[in-house]
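Have a look at the structure below, then the notes.
In UniProt numbering, the protein residues as written are 1 to 166.
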């Protein structure tokens, strides 16, 4: 079973990094998230029944990426950090833009959590993981047109939640 886990990880590693990068904001942190996900995934009890190991691995990556984003936001709010940050040249968004982007990311994360599992997974695999509709359809054992509809529904749901955010 350990070899199966390793093969699954190696097969999906690049897509997992691509999946985590937009959430954490850079590829280097995404690499760290994927590595941590592998450690957690590999230590998982082989006797436990995981019906969709790839989906489980994507969920670990998503959760770790969101945790890291929250942790980074908290670390930025540390006392004395403003003076240090003010001395560094900025190549990123303004503080207002960063807060707005973090709020949008949090709203999208909440919106994705509200979705049914299959809809969320189809969206994450296609839009965040870079998988083709055909690959997602094969993975979920549904038609390509249904995957297209699921992704569309997820996008619409996220947009509605973003428009409803203050």
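C-beta atoms are modelled at their ideal positions from N, C-alpha and C, and glycine is treated no differently.
Rounded separation between residue i and residue j - CA only
i           : j           : result
residue 144 : residue 127 : 15 Å
residue 37  : residue 162 : 28 Å
residue 169 : residue 52  : Lying outside 1 to 166, the shown extent of the chain, residue 169 is not represented and no answer is given.
residue 3   : residue 110 : 34 Å
residue 9   : residue 40  : 12 Å
residue 134 : residue 148 : 9 Å
residue 115 : residue 95  : 30 Å
residue 101 : residue 68  : 15 Å
residue 99  : residue 73  : 9 Å
residue 146 : residue 131 : 15 Å
residue 11  : residue 113 : 26 Å
residue 108 : residue 55  : 19 Å
residue 150 : residue 118 : 8 Å
residue 136 : residue 23  : 21 Å
residue 61  : residue 160 : 25 Å
residue 5   : residue 153 : 32 Å
residue 138 : residue 7   : 19 Å
residue 27  : residue 18  : 8 Å
residue 64  : residue 164 : 26 Å
residue 158 : residue 35  : 28 Å
For residue i, the three-state DSSP class (helix, strand or coil)
i           : result
residue 118 : helix
residue 51  : coil
residue 103 : helix
residue 158 : helix
residue 69  : helix
residue 132 : coil
residue 25  : coil
residue 141 : coil
residue 148 : helix
residue 44  : coil
Residue from the options with nearest C-alpha to residue i
i          : options             : result
residue 32 : 42, 16, 44 and 43   : 16
residue 25 : 12, 71, 60 and 44   : 71
residue 59 : 7, 152, 104 and 129 : 129
For residue j and residue i, believed in contact at Cβ under 8 Å, the rounded distance
i          : j          : result
residue 21 : residue 30 : 4 Å
Next on the checklist: Quick check: the segment 114-123 against the segment 135-143, are at least 3 beta-carbon pairs closer than 8 Å?
Outcome noted: The segment 135-143 is in contact with the segment 114-123.
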